[in-house]
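Engineer: Counted from 1, the sequence shown has number 226 at position 44 by the numbering used here; the numbering is strictly sequential.
Glycine included, every Cβ here is placed at the ideal spot set by N, Cα and C.
I have a structure here, written as structure tokens, and I will follow up with some questions on it.
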Amino acid sequence: MIELGPLLVKGGWCQILAIQNQPDLCAKVLIPKRRFQGTRPDPNQIVSTKYGITDFLEYEWANYQKIMAACPDDLRAHFVPMHGLQTTHDGRKALVMDIVRDDQGQIAPSLVSNTRPLRPQFWANLERLRHEVFLPQAIDHFGIVRRNVLVRTPEHPVLIDFQTGRERFRGQFWLRWPFFIRAKLNRYFRKLYTEMGLPANVLQKL
Numbered sequence: 183m184i185e186l187g188p189l190l191v192k193g194g195w196c197q198i199l200a201i202q203n204q205p206d207l208c209a210k211v212l213i214p215k216r217r218f219q220g221t222r223p224d225p226n227q228i229v230s231t232k233y234g235i236t237d238f239l240e241y242e243w244a245n246y247q248k249i250m251a252a253c254p255d256d257l258r259a260h261f262v263p264m265h266g267l268q269t270t271h272d273g274r275k276a277l278v279m280d281i282v283r284d285d286q287g288q289i290a291p292s293l294v295s296n297t298r299p300l301r302p303q304f305w306a307n308l309e310r311l312r313h314e315v316f317l318p319q320a321i322d323h324f325g326i327v328r329r330n331v332l333v334r335t336p337e338h339p340v341l342i343d344f345q346t347g348r349e350r351f352r353g354q355f356w357l358r359w360p361f362f363i364r365a366k367l368n369r370y371f372r373k374l375y376t377e378m379g380l381p382a383n384v385l386q387k388l
């Protein structure tokens, strides 16, 4: 059992909170924030109705493990380390993970809020993730967007939010085929790079 500390980040589905007496860890807990069918229900109710997922945090933890199983050792540092599910002092389920800090000791910003110039190696590392993890295994990561890419250093991206798996969109039968998963991944990366203003000659290679 863990005791939650101060709020660190609030998202659309969840809150990320510090953990008392464990300064390097944080906990992700679900909150009834998003409106669905006129109310603000438990997020598990939404994902169960829309996607057939019974437990959002269990789903993310399982998908993290799928990605780690396919990830070369030298690329694992580009994914936030997760440590499994625990119960909080007030009875909620929480997904426990490391707090990602930058090289100045602060909580690492996302690409949305980062103000430091990024170096070419940052994008080269993202390309390694695309070519060596996601595309070979046809693993679809639904979170390849600016808010889910943290900047540990100007050379080092860290991905968070592991909402992946073909099961999520059960009505989209084409996502059962690796060809379409890879095409979808490439579109996500291309959109990210376009939003970040990468040169046209880089985008042409995607």
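Pick helix, strand or coil for Leu-190, following the three-state DSSP scheme.
Structural biologist: Three-state result, Leu-190: strand.
Engineer: Given 7 Å as the limit, tell me if Phe-361 has its C-beta closer than that to any heavy atom belonging to the ligand ATP.
Structural biologist: With respect to the ligand ATP, the structure shown offers nothing to examine, as it has no ligands at all.
Engineer: Using DSSP with H/G/I as helix, E/B as strand and the rest coil, what is Asp-280?
Structural biologist: Here Asp-280 sits in strand by DSSP.
Engineer: So which of Gln-268, Cys-253, Arg-274 and Met-264 has the shortest CA-CA distance to Ile-213?
Structural biologist: Ranking the options by Cα distance to Ile-213, first place goes to Arg-274.
Engineer: Looking at Val-315 and Ala-251, is the spacing between their C-beta atoms short of 8 Å?
Structural biologist: For Ala-251 and Val-315, no; Cβs fall outside 8 Å.
Engineer: To the nearest whole angstrom, what separates the beta carbons of Glu-337 and Arg-312, a pair I think is in contact under 8 Å?
Structural biologist: Wrong, their Cβ atoms sit about 17 Å apart, outside the cutoff.
Engineer: On the DSSP letters alone, give me the boundaries of the beta strand (DSSP E) that Thr-236 sits inside.
Structural biologist: Element bounds for Thr-236: n/a, residue is neither H nor E.
Engineer: Does DSSP put Asp-182 in a helix, in a strand, or in coil?
Structural biologist: Missing from the structure shown is residue 182; the chain here goes from 183 to 388 and no further.
Engineer: For Pro-318, count neighbouring C-beta atoms within 10 Å of its own C-beta (all shown protein chains included) and say buried if the count is 16 or more, exposed if not.
Structural biologist: Exposed, by the Cβ-count rule.
Engineer: Rounded C-beta distance between Leu-332 and Ser-292? I'm assuming under 8 Å.
Structural biologist: With 8 Å as the limit, Leu-332 and Ser-292 qualify as a contact, their Cβ atoms being about 6 Å apart.
Engineer: Can you list, in chain order, the residues of its chain with a C-beta nearer than 8 Å to that of Leu-267? Leave out the 5 residues immediately preceding and following it.
Structural biologist: These residues qualify, in order along the chain: Leu-239, Glu-240, Trp-243, Lys-275, Ala-276, Leu-277 and Val-278.
Engineer: Pick from Phe-371, Ala-290 and Asp-272: whose alpha carbon is nearest that of Arg-310?
Structural biologist: Among Phe-371, Ala-290 and Asp-272, the Cα nearest to that of Arg-310 is on Phe-371.
Engineer: Below 8 Å between beta carbons: does that hold for Phe-304 and Pro-339?
Structural biologist: For Phe-304 and Pro-339, yes; Cβs fall inside 8 Å.
Engineer: DSSP on Met-250, reduced to helix/strand/coil?
Structural biologist: In this structure, Met-250 counts as helix in the three-state DSSP scheme.
Engineer: Output needed for Asp-285: all residues of its chain with C-beta closer than 8 Å, excluding positions within five of it in sequence on either side, in chain order.
Structural biologist: Cβ neighbours of Asp-285 beyond the five flanking positions: Arg-334 and Thr-335.
Engineer: Do Thr-269 and Met-183 have their beta-carbon atoms positioned less than 8 Å apart in this structure?
Structural biologist: Going by C-beta atoms, Met-183 is nearer than 8 Å to Thr-269.
Engineer: So, with DSSP's three-state summary, where would you put Thr-376?
Structural biologist: Reduced to three states, the DSSP call for Thr-376 is helix.
Engineer: For Gly-266, which residues does DSSP report across the bridge?
Structural biologist: Looking at the DSSP assignment, Gly-266 forms a beta bridge with Val-278.
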